[in-house]
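For reference, the structure is listed below as structure tokens.
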Amino acid sequence: MIAAWLSEPWAYEFMVRALVITLAASIVGAMISVWLVHIGWSLLGDAVSHAVLPGVVIAPLVGAPYAVGALAFALLAVWLIERVHSTTRVKEDAAIGVVFSTLFAAGLVLISVTTSEVDRAHILFGNMFGISAADATQVVVLSAVAAVIILAWRRRFTWFAFDAAHMASMGRRPRLVGAAMLVTLALVAVAGLQAVGVVLVVAMVIIPGASAHLLANRIGHMLWIAPALAVAATVVGLYASFYLDTSPGGTVVLVHGVGFALAYTLGRYGVWRSRPRHRAATEVS
């Protein structure tokens with residue numbers, strides 16, 4: 002009885018495809034989230050995830066895949082934020098707010114004035130169960146590229162996250178490392194777009210890292226705890242969505258939120274209490 006209950010969802014191709022794309026996007030999203038949360042770049046993840054909307058609308062109008070248009074505008078958003086912040090007195094959080102809200106609004110306007118085939122609900126909230134094989138392949142490829150960058154640059158990302166000034170004094174070009182991290186974030190955001198949509202993809206690049214920071218002090222430990230939490234949230238969320246007939250993207254993200262609440266409770270009440278955060282900086286892995 003239990004075996005049949007557990008195996009039934011995976012008898013459907015759309016469920017298997019949803020599992021593959023969501024795992025691919027959420028695992029790399031969880032890994033990058035560890036550094037983003039530590040640096041304080043969570044709002045940047047929100048900005049990039051929303052700024053891709055114009056690209057998603059324009060891409061089909063010019064005969065290009067959604068992923069190409071989305072990635073172009075994700076990179077544009079990252080570049081604009083950096084330019085505004087580095088060439089004016091505007092602080093980074095304000096630059097992020099200006100760029101992402103403007104690009105997101107531009108996408109909404111484009112949807113309203115074009116005859117694009119873009120489905121607003123699918124773009125904003127994901128189309129996990131209806132994604133095509135071609136789009137699923139794009140998600141996996143983008144996630145794989147992001148994973149390669151993360152694995153190759155993980156030590157530099159960690160150094161940058163803890164002490165960019167020291168990195169600069171050693172001649173290691175922290176701005177280049179920061180740019181590589183932002184490009185990786187753009188790849189992850191575009192990959193997650195197909196699964197959970199513009200509105201919810203930000204959860205993939207914030208919640209796992211935030212939860213991992215409550216459960217561990219070493220970056221090396223966080224880099225496996227966060228993906229493990231993401232995998233668990235994906236599997237539980239898809240099971241719940243299948244049997245409760247709820248939005249798959251929303252359900253997966255809700256499970257992420259429940260996981261964060263559980264991590265908070267474990268730390269708060271001493272079941273799994275981490276040491277003070279200021280000691281973490283001495284334990285770079």
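One rule links them: number in our numbering = place in the sequence shown (from 1) + 1.
For every residue, glycine included, the Cβ atom is placed at its ideal position computed from N, Cα and C.
Keep in mind the model is a prediction, meaning the values are calculated, not measured.
Q. For residue 140, which option in 209, 172, 210 and 68 has the closest C-alpha, if you only look at C-alpha atoms?
A. 68
(Q) Helix, strand or coil for residue 66? Go by DSSP, reduced to three states. (A) coil
Q.
I'd like the ranges of any alpha helix (DSSP H) spanning at least 4 consecutive residues and lying wholly in the region 172–217.
A. 175–205 and 208–216
(Q) By the three-class DSSP mapping on this structure, what secondary structure does residue 33 have? (A) helix
Q: Under the assumption that residue 259 contacts residue 148 (Cβ atoms under 8 Å), give the Cβ distance between them as a whole number of angstroms.
A: That pair is no contact at about 26 Å.
Q) Is residue 261 near the ligand ZN, with its Cβ less than 7 Å from a heavy atom? A) What this structure holds is no ligand at all, so the ligand ZN is not there to describe.
Q | Delimiting residues of the alpha helix (DSSP H) encompassing residue 256 | A | 249–269
Q | Outcome for residue 3 when other beta-carbon atoms lying within 10 angstroms are tallied against a minimum of 16 | A | exposed
Q: Can you tell me the Cβ-Cβ gap for residue 59 and residue 70, rounded? I've got them flagged as a contact below 8 Å.
A: 5 Å
Q.
When you compare the CB positions of residue 210 and residue 37, do they come within less than 8 Å of one another, or not?
A. yes
**Q.** Three-way DSSP call (helix, strand, coil) for residue 129 in this model
**A.** coil
Q. Going straight from the alpha carbon of residue 287 to that of residue 134, what length do you get?
A. Outside the displayed span of the chain (2 to 286) sits residue 287, for which this structure offers no information.
Q. From what residue to what residue does the alpha helix (DSSP H) around residue 138 run?
A. 134–170
Q) Just to confirm, are residue 105 and residue 186 a CB contact at a threshold of 8 Å? A) no
Q.
For residue 6, count the other beta carbons within 10 Å of its own beta carbon; 16 or more makes it buried, fewer makes it exposed. Which is it?
A. exposed
Q: In the DSSP assignment, find the unbroken alpha helix (DSSP H) run with residue 100 in it and report its ends.
A: 93–114
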